[in-house]
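In C-alpha coordinates:
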(Lines of atoms letter the chains of each structure in order from A and count residues from 1; the text may use other names and numbers.)
(Lines give C-alpha, C1' and ligand atoms only; values in the text may rest on other atoms or scores of the structure.)
Protein backbone atom coordinates (compact mmCIF):
# COMPACT_ATOMS: atom_id res chain seq x y z
CA UNK A 1 0.00 0.00 0.00
CA UNK A 2 1.46 3.33 -1.05
CA UNK A 3 1.42 6.46 1.04
CA UNK A 4 -0.76 8.17 -1.55
CA UNK A 5 -3.65 5.87 -0.63
CA UNK A 6 -3.48 7.16 2.95
CA UNK A 7 -3.61 10.84 2.00
CA UNK A 8 -6.30 13.16 0.70
CA UNK A 9 -5.92 16.21 -1.46
CA UNK A 10 -7.29 19.03 0.67
CA UNK A 11 -10.29 17.28 2.26
CA UNK A 12 -10.29 20.05 4.87
CA UNK A 13 -11.02 23.56 3.54
CA UNK A 14 -8.68 24.97 6.19
CA UNK A 15 -5.56 23.97 4.25
CA UNK A 16 -4.34 23.42 0.71
CA UNK A 17 -1.90 20.76 1.88
CA UNK A 18 -2.28 16.99 1.95
CA UNK A 19 -3.75 15.41 5.06
CA UNK A 20 -3.66 11.88 6.45
CA UNK A 21 -7.01 10.13 6.27
CA UNK A 22 -6.28 6.60 7.56
CA UNK A 23 -4.36 6.79 10.83
CA UNK A 24 -4.00 3.05 11.46
CA UNK A 25 -2.79 2.44 7.92
CA UNK A 26 -0.34 5.32 8.20
CA UNK A 27 1.17 3.81 11.35
CA UNK A 28 1.60 0.44 9.64
CA UNK A 29 3.17 2.13 6.63
CA UNK A 30 5.53 4.08 8.90
CA UNK A 31 6.65 0.97 10.76
CA UNK A 32 7.47 -0.82 7.51
CA UNK A 33 8.95 2.23 5.77
CA UNK A 34 11.37 2.92 8.63
CA UNK A 35 12.41 -0.72 8.83
CA UNK A 36 11.61 -0.95 12.53
CA UNK A 37 13.62 2.21 13.34
CA UNK A 38 10.74 4.67 13.63
CA UNK A 39 10.75 4.71 17.44
CA UNK A 40 14.52 5.20 17.60
CA UNK A 41 14.38 8.03 15.06
CA UNK A 42 11.56 9.85 16.86
CA UNK A 43 13.24 9.52 20.25
CA UNK A 44 16.38 11.06 18.75
CA UNK A 45 14.33 13.86 17.19
CA UNK A 46 12.79 14.57 20.59
CA UNK A 47 16.31 14.88 22.02
CA UNK A 48 17.46 17.11 19.16
CA UNK A 49 14.50 19.43 19.69
CA UNK A 50 16.10 20.62 22.92
CA UNK A 51 12.83 20.06 24.78
CA UNK A 52 13.34 19.62 28.51
CA UNK A 53 11.36 19.13 31.68
CA UNK A 54 8.66 21.78 32.11
CA UNK A 55 8.66 23.02 28.52
CA UNK A 56 5.52 23.76 26.52
CA UNK A 57 5.87 22.11 23.12
CA UNK A 58 3.89 22.32 19.88
CA UNK A 59 4.03 19.44 17.39
CA UNK A 60 2.69 20.67 14.03
CA UNK A 61 1.24 18.14 11.60
CA UNK A 62 1.37 15.55 14.37
CA UNK A 63 -0.61 12.87 12.52
CA UNK A 64 -1.16 9.90 14.81
CA UNK A 65 0.97 11.46 17.55
CA UNK A 66 4.02 9.24 17.21
CA UNK A 67 6.55 12.06 17.73
CA UNK A 68 4.16 13.94 20.04
CA UNK A 69 4.24 11.14 22.59
CA UNK A 70 8.05 11.00 22.52
CA UNK A 71 8.18 14.74 23.16
CA UNK A 72 5.72 14.35 26.04
CA UNK A 73 8.03 11.81 27.67
CA UNK A 74 10.94 14.27 27.46
CA UNK A 75 9.17 17.31 28.94
CA UNK A 76 7.63 15.32 31.84
CA UNK A 77 6.03 18.12 33.92
CA UNK A 78 5.58 20.25 30.81
CA UNK A 79 2.94 19.89 28.11
CA UNK A 80 2.80 18.96 24.45
CA UNK A 81 0.07 19.97 22.02
CA UNK A 82 -0.20 18.12 18.73
CA UNK A 83 -2.07 19.84 15.91
CA UNK A 84 -3.15 18.37 12.60
CA UNK A 85 -5.76 19.37 9.99
CA UNK A 86 -7.28 15.87 9.96
CA UNK A 87 -9.85 15.25 12.69
CA UNK A 88 -9.89 11.56 11.70
CA UNK A 89 -6.19 11.03 12.32
CA UNK A 90 -6.43 12.87 15.64
CA UNK A 91 -9.02 10.33 16.78
CA UNK A 92 -6.34 7.64 16.51
CA UNK A 93 -3.77 9.89 18.17
CA UNK A 94 -6.03 10.34 21.20
CA UNK A 95 -6.89 6.63 21.31
CA UNK A 96 -3.22 5.59 21.34
CA UNK A 97 -1.92 8.25 23.75
CA UNK A 98 -1.55 7.37 27.43
CA UNK A 99 0.57 10.39 28.39
CA UNK A 100 -1.51 12.80 30.48
CA UNK A 101 0.57 15.84 29.49
CA UNK A 102 -0.26 15.40 25.82
CA UNK A 103 -3.31 16.89 24.04
CA UNK A 104 -4.44 17.28 20.44
CA UNK A 105 -6.33 19.88 18.42
CA UNK A 106 -7.31 20.44 14.82
CA UNK A 107 -5.07 23.08 13.25
CA UNK A 108 -3.06 23.97 10.15
CA UNK A 109 0.61 24.88 9.96
CA UNK A 110 0.11 28.01 7.88
CA UNK A 111 -2.45 29.56 10.26
CA UNK A 112 -1.91 28.43 13.84
CA UNK A 113 -4.46 29.36 16.48
CA UNK A 114 -1.80 29.64 19.20
CA UNK A 115 -1.01 33.06 20.62
CA UNK A 116 2.30 34.81 20.03
CA UNK A 117 5.33 33.52 21.96
CA UNK A 118 3.39 30.76 23.72
CA UNK A 119 5.72 27.75 23.24
CA UNK A 120 9.26 26.86 24.25
CA UNK A 121 9.69 24.35 21.42
CA UNK A 122 8.02 23.93 18.05
CA UNK A 123 8.56 20.63 16.25
CA UNK A 124 7.35 18.93 13.11
CA UNK A 125 8.33 15.81 11.22
CA UNK A 126 7.44 14.75 7.67
CA UNK A 127 5.03 17.67 7.44
CA UNK A 128 6.45 20.48 5.30
CA UNK A 129 6.59 18.51 2.06
CA UNK A 130 2.81 17.99 2.31
CA UNK A 131 2.32 21.74 1.90
CA UNK A 132 2.40 23.53 -1.45
CA UNK A 133 5.64 25.48 -1.81
CA UNK A 134 3.92 28.84 -1.39
CA UNK A 135 2.60 27.78 2.05
CA UNK A 136 5.90 26.54 3.47
CA UNK A 137 7.23 30.04 4.02
CA UNK A 138 3.99 31.02 5.74
CA UNK A 139 4.17 27.93 7.98
CA UNK A 140 7.72 28.79 9.05
CA UNK A 141 6.64 32.34 9.84
CA UNK A 142 3.91 30.91 12.06
CA UNK A 143 6.43 28.69 13.84
CA UNK A 144 8.58 31.76 14.54
CA UNK A 145 5.54 33.72 15.76
CA UNK A 146 4.40 31.19 18.36
CA UNK A 147 7.88 30.55 19.77
CA UNK A 148 9.06 32.45 22.80
CA UNK A 149 12.36 34.37 22.59
CA UNK A 150 15.09 31.79 22.91
CA UNK A 151 12.66 29.06 21.88
CA UNK A 152 13.81 26.12 19.79
CA UNK A 153 12.72 24.78 16.41
CA UNK A 154 13.02 21.22 15.12
CA UNK A 155 12.14 20.16 11.58
CA UNK A 156 12.42 16.58 10.38
CA UNK A 157 12.01 16.05 6.64
CA UNK A 158 12.22 13.13 4.27
CA UNK A 159 15.65 12.64 2.72
CA UNK A 160 15.27 11.02 -0.73
CA UNK A 161 17.70 8.27 -1.77
CA UNK A 162 20.75 9.48 -3.67
CA UNK A 163 20.52 6.81 -6.37
CA UNK A 164 18.09 6.89 -9.28
CA UNK A 165 16.61 3.43 -8.67
CA UNK A 166 15.87 4.17 -5.03
CA UNK A 167 14.33 7.50 -5.90
CA UNK A 168 12.14 5.89 -8.55
CA UNK A 169 10.90 3.37 -5.96
CA UNK A 170 10.14 6.14 -3.46
CA UNK A 171 8.16 8.03 -6.10
CA UNK A 172 6.15 4.90 -6.90
CA UNK A 173 5.37 4.34 -3.21
CA UNK A 174 4.83 7.88 -2.00
CA UNK A 175 4.54 10.26 -4.96
CA UNK A 176 6.75 13.10 -6.26
CA UNK A 177 6.51 15.34 -3.15
CA UNK A 178 8.86 13.01 -1.26
CA UNK A 179 10.98 11.78 -4.17
CA UNK A 180 11.71 15.36 -5.27
CA UNK A 181 11.88 16.90 -1.80
CA UNK A 182 14.13 20.01 -2.18
CA UNK A 183 16.10 19.71 1.05
CA UNK A 184 18.68 22.26 -0.10
CA UNK A 185 15.99 24.95 0.35
CA UNK A 186 15.14 24.01 3.92
CA UNK A 187 17.92 25.80 5.81
CA UNK A 188 17.63 29.01 3.73
CA UNK A 189 13.86 29.07 4.39
CA UNK A 190 14.47 28.67 8.12
CA UNK A 191 16.99 31.53 8.05
CA UNK A 192 14.64 33.75 6.01
CA UNK A 193 11.94 33.19 8.64
CA UNK A 194 14.23 34.84 11.21
CA UNK A 195 15.71 31.82 12.99
CA UNK A 196 19.33 31.72 14.13
CA UNK A 197 21.82 29.08 15.28
CA UNK A 198 20.80 26.76 12.46
CA UNK A 199 22.16 23.23 12.49
CA UNK A 200 21.36 20.12 10.48
CA UNK A 201 22.13 16.44 10.09
CA UNK A 202 20.81 13.08 8.98
CA UNK A 203 19.11 10.22 10.81
CA UNK A 204 19.11 6.78 9.22
CA UNK A 205 17.29 5.78 7.14
CA UNK A 206 15.22 8.67 5.78
CA UNK A 207 15.34 11.83 7.87
CA UNK A 208 17.12 15.15 7.38
CA UNK A 209 16.71 17.36 10.43
CA UNK A 210 17.19 21.07 10.95
CA UNK A 211 17.42 22.72 14.36
CA UNK A 212 17.35 26.45 15.08
CA UNK A 213 16.26 28.97 17.66
CA UNK A 214 14.41 32.27 17.92
CA UNK A 215 16.78 35.02 18.97
CA UNK A 216 16.29 36.57 22.37
CA UNK A 217 16.25 35.41 25.96
CA UNK A 218 13.25 33.98 27.77
CA UNK A 219 12.17 36.39 30.51
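In this note's numbering, the protein residues as written are 287 to 505.
Glycine included, C-beta positions come from ideal geometry on N, C-alpha and C.
Computed from a predicted structure; not experimentally measured.
Check                                                                                                                                                                                                : Outcome
Spatial neighbours of residue 479 within its chain, please: C-beta separation below 8 angstroms, excluding the five flanking residues on both sides.                                                 : 423, 426, 427, 429, 430
Given a cut-off of 8 angstroms on the beta-carbon distance, is the pair residue 444 and residue 412 in contact?                                                                                      : yes
Rounded to whole angstroms, what is the Cα-Cα separation between residue 477 and residue 484?                                                                                                        : 8 angstroms
Please name the residue in 315, 337, 313, 342 whose C-alpha comes closest to that of residue 405.                                                                                                    : 342
Please work out which residues of its chain come closer than 8 angstroms, Cβ to Cβ, to residue 333, disregarding the five sequence neighbours upstream and downstream, and give them in chain order. : 360
Does any C-beta atom of chain D lie closer than 8 angstroms to the C-beta of residue 475?                                                                                                            : In the structure shown, chain D does not exist; there is a single protein chain.
Under the three-state reduction of DSSP, which class applies to residue 431: helix, strand or coil?                                                                                                  : helix
Can you name the residues that DSSP bridges to residue 387?                                                                                                                                          : According to DSSP, residue 387 bridges with nothing at all.
Could you check what DSSP says for residue 494 in three-state terms: helix, strand or coil?                                                                                                          : strand
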